[in-house]
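Trainee: Below is a structure I'd like to ask you about.
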Amino acid sequence: MRRVRGRGTWPEVNLQRALRATGSRNFRLNVRALPGCPDIVFPSARVALFVDGCFWHGCPRCYRRPNSRRGYWDAKLARNRARDRRNRAALRVAGWRVVRIWEHEVAADAERCAARIAALLIPKETTSPRRPGIRVGQ
Numbered sequence: 000m001r002r003v004r005g006r007g008t009w010p011e012v013n014l015q016r017a018l019r020a021t022g023s024r025n026f027r028l029n030v031r032a033l034p035g036c037p038d039i040v041f042p043s044a045r046v047a048l049f050v051d052g053c054f055w056h057g058c059p060r061c062y063r064r065p066n067s068r069r070g071y072w073d074a075k076l077a078r079n080r081a082r083d084r085r086n087r088a089a090l091r092v093a094g095w096r097v098v099r100i101w102e103h104e105v106a107a108d109a110e111r112c113a114a115r116i117a118a119l120l121i122p123k124e125t126t127s128p129r130r131p132g133i134r135v136g137q
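Using numbering that gives the first Met the number 0, read the sequence shown as starting at 0 and increasing by one per residue.
This is the structure in structure tokens:
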């Protein structure tokens, strides 16, 4: 357990590389001032990104329940999920958009994950309902 790292893991590093390749460079890593200490934060867009490990956060696709000490691991996973819900709720109340990416998604295609995140960072142009043709949000 001592060797389990909370930051600088290979999924985080691979996603950071993919984000830089898409041109996204204005992010901060592991911002402790925010609830849950998100792995990657885009302060200007108010997007908080969590790269969750499939085992530690109970991925519905990859999680395999250990055979030993099942009671301990079930309780641990329940606590982790409850903490994740609390942190997401606190960030949303504070006006942040929360993105959760699973470890297996980054392993399969980091560039696709980065493109999904980059799409959130682009300000949306909408037309004004009162004055058609006038763009808002530029």
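Each residue gets a CB set at the ideal place from its N, CA and C atoms; glycine is no exception.
What are the start and end residues of the beta strand (DSSP E) that includes Arg96?
Mentor: Residues Arg96 to Trp101.
Trainee: Where does Ile116 fall in DSSP's three states?
Mentor: Note: Ile116 maps to helix in three-state DSSP.
Trainee: Expressed to the nearest angstrom, what Euclidean distance is found between the alpha-carbon atoms of Gly70 and Cys61?
Mentor: In a straight line, the C-alpha of Gly70 is about 19 Å away from that of Cys61.
Trainee: Go through its chain and collect everything with a Cβ distance to Cys53's Cβ below 7 Å, but skip five positions before and after it.
Mentor: For Cys53, where only same-chain residues beyond five positions count, the Cβ hits under 7 Å are Cys61, Tyr62, Trp101, Glu102 and His103.
Trainee: At the level of alpha carbons, what is the spacing between Asn13 and Ser67?
Mentor: Between Asn13 and Ser67, the C-alpha separation is close to 32 Å.
Trainee: Assuming Ile148 contacts Leu28 (C-beta within less than 8 Å), just tell me the rounded distance between them.
Mentor: With the chain covering only 0 through 137, there is no way to say anything about residue 148.
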